[in-house]
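**Student:**
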Amino acid sequence: MASIINSLARALGQFTDPAMLRILLKSVAITLISFILLAIGGWFAFDRILALAGVSDARFSGSAEMRGLVSLLLTFAGLWLGWRLIAMAVIQFFADDVVVLVEKRHYPTAAATARNVPLAEEIRSALKSTARALLVNLLALPFVILLLVTGVGSAILLWLVNGWLIGRELPEMVWLRHRSAPGIPSPISTMQATMLGLIIAGMLIVPFVSFLAPLLGAAAATHLLHRMKGPIDEV
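My numbering puts the first residue of the sequence shown at 1, with every later residue one more than the last.
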């Protein structure tokens, strides 16, 4: 656990770097734009579905207002459930930039020997991760709905599920630059990866901090991987 806390602290310290701040601002902008577009699209989609289902002024007065309210509630529920997926998708856009910045500053030898990941491999890895996150969240959805009556059960389940997903995702993104052949496991243990993922998933729940969480996770995973990898040229 100490190694994870140390990695997070060192990662946080790099956010005074102008290059890291630029990445943060770009990621916040993309996240907000994605969030707004999904909210608008979700509202219109739910409104249309309800209208087709017969909730229309032709049936009874006030149905348009009721459709609008229900659509708004369903949209907010969908965004609450999907926020972590949006954040994880944003990781894919900027993680490599974050890893490169951290390695150039703290691990120059590792940065010099890291391989350039082909675009096709990056896309394949991103699609695989996104599909896995979507599938796991869809599988968890019925249990999330059932646990709504508990008040906190749904939030805890989503935290655990997405903590596990993020814990898988972050080390893989860093290790992709350094593994000598496909299939070689990351030096970060499953327990360490899961703990880091749970911390980042918890941060995603906190307003405003959630914008920082994905990039902080990528930077922390970089520190953790190089500490676990063996002798390091840490700066």
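We treat Cβ as the ideally placed atom computed from N, Cα and C, and that holds for glycine.
By the DSSP assignment, the alpha helix (DSSP H) with Leu-162 in it spans what residues?
**Tutor:** It should be pointed out that residue 162 corresponds to Asn in this sequence rather than to Leu. Residues 153 to 175.
**Student:** Would Ile-30 and Asp-97 be called neighbours here (beta carbons separated by less than 9 angstroms)?
**Tutor:** No, the pair does not count as a contact, with Cβ atoms beyond the cut-off.
**Student:** So, with DSSP's three-state summary, where would you put Pro-18?
**Tutor:** The answer is helix: DSSP assigns Pro-18 an H, G or I state.
**Student:** Note down the Cα distance separating Met-20 from Gly-163, rounded to an integer number of angstroms.
**Tutor:** Taking the straight line from one Cα to the other gives about 24 angstroms.
**Student:** Applying the criterion that 16 or more other CB atoms from any shown protein chain within 10 Å of the CB defines a buried residue, is Ser-189 buried or exposed?
**Tutor:** By the 10 Å Cβ count, Ser-189 comes out exposed.
**Student:** Go through its chain and collect everything with a Cβ distance to Leu-224's Cβ below 8 angstroms, but skip five positions before and after it.
**Tutor:** The answer, listed in chain order, is Ser-3, Ile-4, Ser-7, Pro-171, Ile-188, Gln-192, Leu-196.
**Student:** So which of Leu-101, Ser-125, Arg-132, Pro-118 has the shortest CA-CA distance to Asp-272?
**Tutor:** Outside the displayed span of the chain (1 to 235) sits residue 272, for which this structure offers no information.
**Student:** Between Val-99, Lys-128, Leu-134, which has its C-alpha nearest Ala-219's C-alpha?
**Tutor:** That would be Val-99, whose Cα lies nearest to the Cα of Ala-219.
**Student:** According to DSSP, is His-178 helix, strand or coil?
**Tutor:** Three-state result, His-178: coil.
**Student:** Alpha carbon to alpha carbon, how far is Val-161 from Arg-48?
**Tutor:** Looking at the two C-alpha atoms, the distance is approximately 31 angstroms.
**Student:** Please report the distance separating the alpha-carbon of Leu-141 from that of Pro-108.
**Tutor:** Each residue's alpha carbon lies about 43 angstroms from the other.
**Student:** What distance in whole Å lies between the Cβ atoms of Leu-176 and Phe-94, which are believed to be in contact at a cut-off of 8 angstroms?
**Tutor:** The pair is not a contact, with the Cβ atoms about 14 angstroms apart (cut-off 8 angstroms).
**Student:** Give the DSSP-derived three-state secondary structure of Val-117 in the structure shown.
**Tutor:** Note: Val-117 maps to coil in three-state DSSP.
**Student:** Please look up how many angstroms separate the CB atoms of Glu-121 and Ala-110, rounded, as I've assumed it's under 8 angstroms.
**Tutor:** Wrong, their Cβ atoms sit about 19 angstroms apart, outside the cutoff.
**Student:** Which of the three DSSP states is assigned to Gly-183 in this structure?
**Tutor:** Note: Gly-183 maps to coil in three-state DSSP.
**Student:** Go ahead and pull the three-state DSSP assignment for Met-195.
**Tutor:** Helix, per DSSP.
**Student:** What's the call for Thr-113, buried or exposed, on a 16-neighbour Cβ count within 10 Å?
**Tutor:** By the 10 Å Cβ count, Thr-113 comes out exposed.
**Student:** Using C-beta distances below 8 angstroms, list every residue in its chain close to Trp-238, excluding the 5 sequence neighbours before and after it, in chain order.
**Tutor:** There is no way to answer for residue 238, as the model of the chain reaches only from 1 to 235.
**Student:** Over the uninterrupted alpha helix (DSSP H) stretch that includes Leu-212, give me the two end residues.
**Tutor:** Segment 209 to 229, the alpha helix (DSSP H) holding Leu-212.
**Student:** Measuring alpha carbon to alpha carbon, tell me which residue in Leu-147, Leu-146, Val-90 is nearest Thr-130.
**Tutor:** For the residues Leu-147, Leu-146, Val-90, the minimum Cα distance to Thr-130 belongs to Val-90.
**Student:** By DSSP, does Ser-27 sit in helix, in strand, or in coil?
**Tutor:** Helix, per DSSP.
**Student:** Do Ala-133 and Leu-157 have their beta-carbon atoms positioned less than 9 angstroms apart in this structure?
**Tutor:** Not a contact, by the Cβ cut-off of 9 angstroms.
**Student:** Using only alpha-carbon positions, find the residue among Lys-229, Ala-213, Arg-227 that is nearest to Ser-27.
**Tutor:** When each option's Cα is compared against that of Ser-27, the closest is Ala-213.
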